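Enquirer: Each step along the sequence shown adds one to the number in the working numbering, with nothing skipped, and position 126 is 127.
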Amino acid sequence: MAYALALGASGSNPVGVRLSPPAFQKGSARQAGFPQGIGSSSLPLGKKTTPMKTVIGIIGPIGSGKDTAAIYLAEKLGCKVYEISGHIKKLAHEQGILHDRQSLIDFGNRIVKERGSEYLPNALLEQISERGIITGMRQVAQIEYLQKHSNLILVAIDADPEIRFKRAQARGRLGEATTIEEFVRLEKEENSGDRVQRIFECMKMADHSVTNNGTLEELQKALDDLAKFQ
């Protein structure tokens, strides 16, 4: 299966691979990309505080390669991956709800309406001790919650629709779509109207954007550069 990427700005990277500069201010905890620690705050002497957890958020549409990127970064950083969809499936199983794509989307929307937008990201954040990777956020409010309650570094993974269609087809994850036209149409419908899912709006909030159209090796090399591994 092919993966590759083109990130925002140029550097000493393979041809076709460009890194986008971090959207961090000088001196901030996020300045160095994926931090090994967290920034300090100016608190009154004697006042104790709990350091905020570092979360690397990996988001993207179906077939973009976000899960592949998350697994690779988890191995490099020595942390775990926590999936929004995994928590939804767990709750769906407990309630006897089918695990097909549309049923899970509808159930996820219902969870948000009944328990609030912060419920799912908070449930995963509570499982992280110091640093972890959370994948699959598809709602703006989920990202805003993590921005407020963690040191969030958000990475958006994308690929051309034709490539994503072929990947989803190979994995049996097309749902009702049988053609590229249906795939694109259904994706737009899932992220429009009164639905709470807004994956493409979420991707505009990313600190780093990745277009993943080529090989797995190119994806891994770009993630290495993005994370500034030594």
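Every residue gets a Cβ at the ideal spot worked out from N, C-alpha and C, and that includes glycine.
Remember, it's a predicted structure, so these values are computed and weren't measured experimentally.
For the beta strand (DSSP E) containing S104, list its first residue and its last residue.
Expert: Looking at the DSSP string, S104 is not in any beta strand (DSSP E); the run it does join, the alpha helix (DSSP H), is 102-116.
Enquirer: Quick one: is R174 buried, meaning 16 or more other Cβ sit within 10 Å of its Cβ, or exposed?
Expert: With fewer than 16 other Cβ atoms within 10 Å, it is exposed.
Enquirer: Quick one: what does DSSP say L175 is sitting in, helix, strand or coil?
Expert: In this structure, L175 counts as coil in the three-state DSSP scheme.
Enquirer: Between which two residues does the alpha helix (DSSP H) containing L92 stretch?
Expert: Looking at the DSSP string, the run of the alpha helix (DSSP H) that includes L92 is 85-95.
Enquirer: Considering only DSSP beta bridges, list what R132 is partnered with.
Expert: For R132, which the question treats as bridged, DSSP gives the partners T55.
Enquirer: From the DSSP output, in three-state form, read off G38 for me.
Expert: Note that G38 scores a pLDDT of 34, beneath 50, so its modelled location is shaky; the value from the coordinates is reported in the next line. It is coil, neither helix nor strand.
Enquirer: On a CA-only basis, which of R116, P52, I63 is nearest F201? Give me that one, please.
Expert: When only C-alpha atoms are compared, the closest one is I63.
Enquirer: Short of 8 angstroms in beta carbon distance, which residues of its chain neighbour V56, apart from the five on each side in sequence? Order them along the chain.
Expert: Answer for V56: L126, I129, R132, G133, I134, I135, L147, S151, N152, L153, I154, listed in chain order.
Enquirer: Between Y120 and the rest of its own chain, which residues show a CB-CB distance below 6 angstroms, the 5 nearest in sequence each way excluded?
Expert: Around Y120: no qualifying Cβ.
Enquirer: Candidates K81, R102, T216: which alpha carbon is nearest I164's?
Expert: Checking every option, the nearest Cα to that of I164 belongs to T216.
Enquirer: Kindly indicate which residue of V82, V141, S65, L227 has the alpha-carbon position closest to the one of K167.
Expert: Measuring from the Cα of K167, the nearest candidate turns out to be S65.
Enquirer: My parser needs the alpha helix (DSSP H) runs of 4 or more residues fully inside the region 182-208; what are they?
Expert: DSSP runs (the alpha helix (DSSP H)) wholly in the region 182-208: 200-204.
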